[in-house]
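Per mature numbering (1 follows the signal peptide of the UniProt record, and there is no 0): the sequence shown = residues -16 to -1, 1 to 1096. We put the beta carbon where it would ideally sit given N, CA and C, even for glycine. One structure is given here, and the rest of the page talks about it.
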Amino acid sequence: MKGFVFLLLIVSAALAQECPFPSQASVRVTKLNSVSSETFKVMNAAGTDVVTYDTSKPLQQTVCLPMGLYTVEMMHGGGSIWEDASAVTIEAMVAGEYITIARGRMNSTPKDTFTFALNWPIANAAANTNMKYMMGSTIPADWTTVSFSDASWTALTDSNRPSTTEKIVLFRNAFSLTSKAGYHGVEMRVKARWGVIVYLNGAEVYRTHVTAGDLSTATTNVGGSTASYWRSIVVPMSKVQEGNNVLAVAIVNAESAITLDFDMTLRLMAAVKNFPRYWDSTATAPSLFDQRRDSRIYVSKTATSQYEVTLTLSNDRAEVFNKYCMVTNWDALRHDPREWKVSGSLDGITFVELDHQQEIYFEERLTSYCFYMLSNTVAYSHYKLTLIKARTDEANNHYALCQWNLYLEDFSQATVPAFAMEPSTLVGYTDAEFPKAAASSPYYHSFTISPALPAGLTLSPMSGAISGVPTNPVAAATYQLSAVDHLGETKTTSITLSVEVCANDKIAFTLEFVFDSSDGGNCAFELKDLSNDQIVASRTKFVNWNTLSIPMCQHATTYGLILKKNDNTGWGSNYVNVKLVDGSILLKESLAAGATQKTYNFNPAYAVAPKWTTWSYHIDGSAAPAGWNALATAPADWATAMTAELPQAQGVTSYYYTKFTLGALSTFSLLDISVNVRGGAVVYLNGAEIRRINMPEGEITSSTLATNLYSADKLITTSEFIQGGRVVEGENILAVEMHRRDAATEVNTFSATAILVMDNMYVMTNGEGTTNPAKSGAEGSDKLFDNNSNTKYCIGSRPANVIATWTFANDRRVIATNYAVVNANDCNKRHPSGWQFLGSNDGENWDLLDTKSGEFFTEFFQQKRFDVDNTVAYNKYRWVFNEFNNPDIPGDAWWCTNVDFQVADVYLFAKRFPAVCPAQDGYPATIANHMAYIPCGEGLAGTIARYCDMEGKWGEEVPNCRAAAPKSIKYDVQFLELTAKKAMQPLTPVIDGKEVKVSSFPSLPEGLTIDSSTGVISGTPLEEMERKGFTINAANQEGSVYTTIAITVNKAPFNWLLIVIIIVVVIVVVVVVVVVLTASKKKKGSKAMPRSSKSKSGSKKMDAQPKAVIKV
């Protein structure tokens, strides 16, 4: 190897001898880092290749080239940029050694170029007869100017190197330039010892190791070296002129006698504005100056700390830099500097501020952002970058930056168009990102504007870009925009700016890209207007560890969001949200593994929009008339206002309605209705109640108070099934009544929206997932719901049931008509083969929606989707995994056993069905080939079934009803007091139930009965009985209810009236008997006398004896 290097040096030296300098130059071209796909070629001004390189050529090639301009063209066989370690270095042989004159690398595709110049107007003394010197005790006036005559001075050649004791020796070399075109800098190289002052056309451009002030015989050196060495000074082309020029140098010696080993050259440079010149230098942070994008500074900071980086050019080298570019770091924006200063120094101690930038926010990663230091014309040996604030300027953050590249550009050669903004008429929309505009040239900077921009908009002082999201409409107005150009002159132009409402045929929404991984540079997106297939927005890459929001105002139509990746590994944990103006997330998606791109359709166009919808309202606290919420009977005389302008409501209840028109509904699955609620609300669609929020059951009146009061407004969303029959093509009405919790304490801030949800939409947004068993970490519960099949939920020791529950935030209720289960990797036996799928609105009562068994996965990352006959909006959905019989599949790990559990993802979708029977007569909307059921009626159990046929038509009702379990039995009394042997008043209960049999336990007292059909208790208790409890049971085949009753039977009371009556009766009877007996005895004791004629008078006396009867 050493022999090869020695041979190469011999060849190089021999070649140099064959290249007579300065008409020709020996040029050494070196490729750093051998990569087979990286090639380049060097072409002369005519376009002819003079050097070519591929891996069949040596990394270093030496050629003899004539003076002129040359272009290096760099390519990559794979179409990418070069690796960070790769570069091309150009060196030229001058004064017996190779010096680096240019270095570059391929930073852009499909190819990248840089130009270098071989042009030495002043060659070294060995190849130059125009170099003059003067030694003496005087310093001629104007000796540094072009007009000065040095005819009396002595020519300096390699053969004429006298010794001198003079402290100051002067040198001059006149030269002429025919054209400055194509060149951007002048490099002067001076070989000397001790102190040196360099002048170009009479102006001092460099001083080192010399006391300050004008050159005089009293000037002395300050330090320096006893040995001569080359030092380089670079200044802009503005320091020279077409025609005659002169380079003058004064050396200030410290010794009494030296040999004049002085030398100098001057070269025109062409490549300085494209690639930095960082060879022969040192830095306190080398990674900033290595021109590699895979290295960076990454330093911690506190909220107030600053960080300094200093570049020092070696060997007293000095260069003028008037432009610098920062290459941003590859991930987090929060680490970017947002405020910094740049300063220069001749001695590394005293620094002069050259630039100060504040409130600069970079967006792209690994991207170069450039700034100008127009006032700098001094060649400094030290340049310092002071980072003052980071983008997120707080403790525990970091500064991160990949490159700080310094350049020299000759602004006098720049072709700069007149100052203007393109376009000059700017129209923005409320709640959408302001449209981009740019200055007519990047050479303009330090922008200001008058008058102040509308609220939400800001002006970048660096680029003049107006950005932000305006909040309110603004009429068209003229603004004066000012900027400083490349020559330091202030220029002014006018722009017209207005902000219009994003309404009517336009809609505002935001694309929010969340990148929390390091793969953003490989991800891209396009947004397609589905009405015309036009791409309306796109981005070819993203920034890692960053959230990018793109607010926009587009036509009110449907869109396709196309997510892309340069391979099929998917977006991983990165995702995008489509956010509506009300803050709700319409769509959340991530590109799944297995595809390089996929389109996700969505509809951001509100049917009822926030802010700009006109509502009819009734807010005086009185009740609304009947039919106020129906399309045909809604009051036409109510006052109207837009949402943002609605007046303050009075009383407990306020009423609002708006009519809206819908076109064809065949591509939509749901209508999402959202209401901003603090207290309570009842929501109606086309006269039908679809949701109560914080309201009691039963009848609602204008005085009904809300049952709850949120601490802050909540946007509560409820889905309505498009095929359910309540949403119609044509005119619809959305009505909302708002109820306060307390009429005197809180204010309802009303707003409501409605938006159509596209068919087959992923709806698992704005919520939280939980599992049982719960787990955290890399394979935790959250991974089951992250829409990223590259992650998974995995647990050991699987229980009999593994439960996954998704709950929508803010009591949102969504109709999911399709769901999916995605298996994970490495062990198929861990995956479920059966489960239940359920829905709930309270977390306690769950409706079974689907049951699966024998659903076997046959490959990893397989998605299984299932339709569900569901038209109910649920707040919670649950999977209960209860069967685990998956077979082995290729790729199963050797340790795979059927004792653990894993699933990658579960999904919910809103999907249309081929045919649906609309809601009718109490039957819910039902998909074709399914049954619908309604309850049998009051007091009955069972259902009445109705079949929805394949064409979406209802069949006949099929009852299956029976008596329901009784609800209650109740008597008017709980304590019953009876009297023995006295008939009771029948006691009839109220029974809430049908076909019941009523019984008592224990049996009722003797003499009493209970009717087994009616429960009536009746009869006459026969015996006295103390209070005793009886359980009265009412039962049928479905159940029973009971009540209790206590019965007391009192002893019958002593009846004195009856005794008196009996005594009186007895006396009467006795008297009658006595009378009868007495009368009977008297009749027996008297003899009848025979009658004669003499006895007639006696007979008359007998007839006159009634007094004896009266006595009795």
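Beta-carbon gap between residue i and residue j smaller than 8 Å
i	j	result
LYS307	TYR356	yes
HIS470	VAL520	no
GLY936	ALA912	yes
LEU545	VAL527	no
PHE840	PRO816	no
TRP790	LEU649	no
ILE700	ASN794	yes
VAL661	TYR694	yes
ASN802	VAL852	yes
ARG261	LEU317	no
Supposed contact pair residue j and residue i - C-beta distance, whole angstroms, cut 8 Å
i	j	result
THR442	SER451	6 Å
VAL11	THR36	Contact flag wrong, Cβ pair sits at about 14 Å.
SER482	VAL411	5 Å
THR84	THR55	At roughly 18 Å, the Cβ-Cβ gap does not stay under 8 Å, so THR84 and THR55 are not in contact.
residue 1128	GLY764	For residue 1128 there is no data in the structure shown, the boundaries of the chain being -16 and 1096.
LEU244	ARG87	Not quite, the Cβ-Cβ distance comes to about 33 Å (not below 8 Å), so this is no contact.
Close beta carbons around residue i, own chain, < 6 Å, minus the five adjacent residues each side
i	result
ARG1075	The predicted position of ARG1075 is uncertain, since its pLDDT is 48 and thus under 50; no value can be drawn from it.
ALA449	none
TYR167	MET221, LEU252, ALA254
THR148	MET119
THR775	LYS767
ASP278	ASP68
TRP314	ARG349, LEU350
PRO4	none
ASN809	PHE844
SER600	TRP622, THR624, TYR641
ALA460	THR480, SER482
Segment limits, beta strand (DSSP E) that includes residue i
i	result
ASP33	33 to 37
HIS429	429 to 434
TYR694	No beta strand (DSSP E) contains TYR694, which DSSP labels as neither H nor E.
SER271	Looking at the DSSP string, SER271 is not in any beta strand (DSSP E), and its letter there is neither H nor E.
TYR543	543 to 549
THR847	Per the sequence shown, residue 847 should be read as Gln rather than Thr. Element bounds for GLN847: 847 to 851.
Proximity winner among the options, relative to residue i (alpha-carbon distances)
i	options	result
GLU226	SER212, TYR282, SER160, GLY186	SER160
SER1002	SER996, GLY977, LEU971, ILE1031	LEU971
THR14	ARG89, GLY80, ASN112	ARG89
CYS309	ALA374, TYR391, TRP324, ASP656	TYR391
residue 1106	HIS539, ASP770, VAL362	The chain is shown from -16 up to 1096; residue 1106 falls before or after that span and cannot be answered.
VAL666	THR637, SER650, GLN342	THR637
TYR590	GLY939, LYS643, PHE893, ALA967	LYS643
ARG301	SER289, ASP38, VAL326, ASP264	ASP264
CYS507	THR462, VAL562, MET536, ALA579	ALA579
PHE586	TYR641, GLY554, LEU495	LEU495
TRP104	LYS563, ASN157, VAL1055	ASN157
ASP142	ASN114, LYS895, GLY328	ASN114
ALA625	TRP596, GLY647, THR617	TRP596
PHE885	ASN812, ARG261, ASN488, TYR746	ASN812
ALA379	HIS319, SER329, SER136	HIS319
VAL453	ALA439, ASN28, ALA460	ALA439
ALA690	ASN678, ALA696, GLU683, SER606	ASN678
ASP995	GLU1007, LEU564, LYS981, GLU1008	LYS981
Contact set for residue i: own chain, Cβ-Cβ below 7 Å, skip 5 residues either direction
i	result
LYS1071	Caution applies to LYS1071, whose pLDDT of 48 falls short of 50 and renders its modelled position unreliable; the value that the coordinates give is listed next. Hits under 7 Å: none found.
GLU961	THR1032, ASN1034
SER21	HIS60, GLY61, GLY62
GLU2	CYS48
LEU(-2)	The predicted position of LEU(-2) is uncertain, since its pLDDT is 47 and thus under 50; a value taken from the coordinates is nonetheless stated next. Excluding residues within five positions, the ones whose Cβ falls inside 7 Å are SER10, THR46, CYS48.
CYS486	TYR413, THR414, ASP415, ALA416, ALA492, CYS537
Close Cβ partners of residue i (< 8 Å) along its chain, the five nearest in sequence each way excluded
i	result
VAL224	LEU161, LYS164, VAL170, LEU184, ASN185
LEU615	LYS643, ASN670, GLY671, GLU715, ASN716, ILE717
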